[in-house]
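Residues in the sequence shown are numbered consecutively from 414, following the numbering used here.
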Amino acid sequence: MSKLAVVRVRSGINARETVKKTLSLLRLTRVNHCVVVDDDPSTLGMLRMAKDYITWGEIEPETLEHLLRKRGRLSGNRRLTDEFVKSKTKFSGIKELAVAMCAGKAEFEDVPGLKRVFRLHPPRKGYRSTKRPVGDFGDLGYRGGRINELIMRMA
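Rendered as structure tokens:
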């Protein structure tokens, strides 16, 4: 089972209550927050409901490793390190953990205290448009593998 990276692009002002509830269930409480979720039908239904406020796509192991290294946080706002991963899990480092997560062999719960939300910067060189879908020269909705480029610009 592959993983999807979801980034919140727009705020919830004037959004319907069902959309606000969906964003909170996805743990996307603020703009430029990112979560990694499973690619299953129930999650895809939630993503489609909030498509006018988020962008998502399939994340690659290299991008997930970069996210975990630069933006991965433990409880107490401590950074995630290779030493912590090696001592608390069966993986030898962040790289092996990221590959296992993308392959579906590991979850965020396997690392004790790891926060599921990545707090990112706005993208370098900006968004194209936060009001239009990806196919219409915008940034909202499903973008496939191009989510990796966006995350690298934001991390």
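Here a beta-carbon is modelled for each residue, glycine too, at the ideal position from N, C-alpha and C.
Quiz item: Since P535 contacts N445 with CB under 8 Å, what's their CB separation in whole angstroms?
Solution: 6 Å
Quiz item: From A418 to R541, what distance separates their C-alpha atoms?
Solution: 19 Å
Quiz item: Short check: CB of T476 to CB of R556, under 8 Å?
Solution: no
Practice problem: With DSSP collapsed to three states, give me the class of V444. | Solution: coil
Quiz item: Which residue spans inside the region 483-561 form an unbroken alpha helix (DSSP H) run of at least 4?
Solution: 495-501 and 507-516
Practice problem: Can you give me the Cβ contacts of L438 inside the same chain, cut-off strictly under 7 Å, excluding the 5 residues immediately before and after it? | Solution: M459
Practice problem: May I have the straight-line CA-CA distance separating T617 from F550, to the nearest angstrom? | Solution: The displayed coordinates of the chain run from 414 to 568. Any statement about residue 617 would go beyond what the structure contains.
Self-check item: Rounded Cβ spacing between L568 and L533 (contact assumed at less than 8 Å)
Solution: Rather than Leu, the amino acid found at residue 568 in this sequence is Ala. Right, their Cβ atoms sit about 6 Å apart.
Quiz item: So who's on the other strand from G470, going by DSSP bridges?
Solution: A418
Quiz item: Leaving out five residues before and five after G558 in sequence, what residues of the same chain have Cβ atoms less than 8 Å from its Cβ?
Solution: G470, E471 and E473
Quiz item: If you check the beta carbons only, do K416 and D452 fall under 8 Å apart?
Solution: yes
Practice problem: Check the DSSP bridge columns for D451 and list the partner residues they point to. | Solution: K416
Practice problem: Along the alpha helix (DSSP H) that carries L436, what are the first and last residues, could you check? | Solution: E430 to L438
Quiz item: Within 10 angstroms of its Cβ, does E537 collect 16 or more other Cβ (buried), or is it exposed?
Solution: At residue 537 the sequence reads Arg, which differs from the Glu that was named. With fewer than 16 other Cβ atoms within 10 Å, it is exposed.
Quiz item: Which value, in whole angstroms, describes the spacing of the CA atoms of K528 and D495?
Solution: 16 Å
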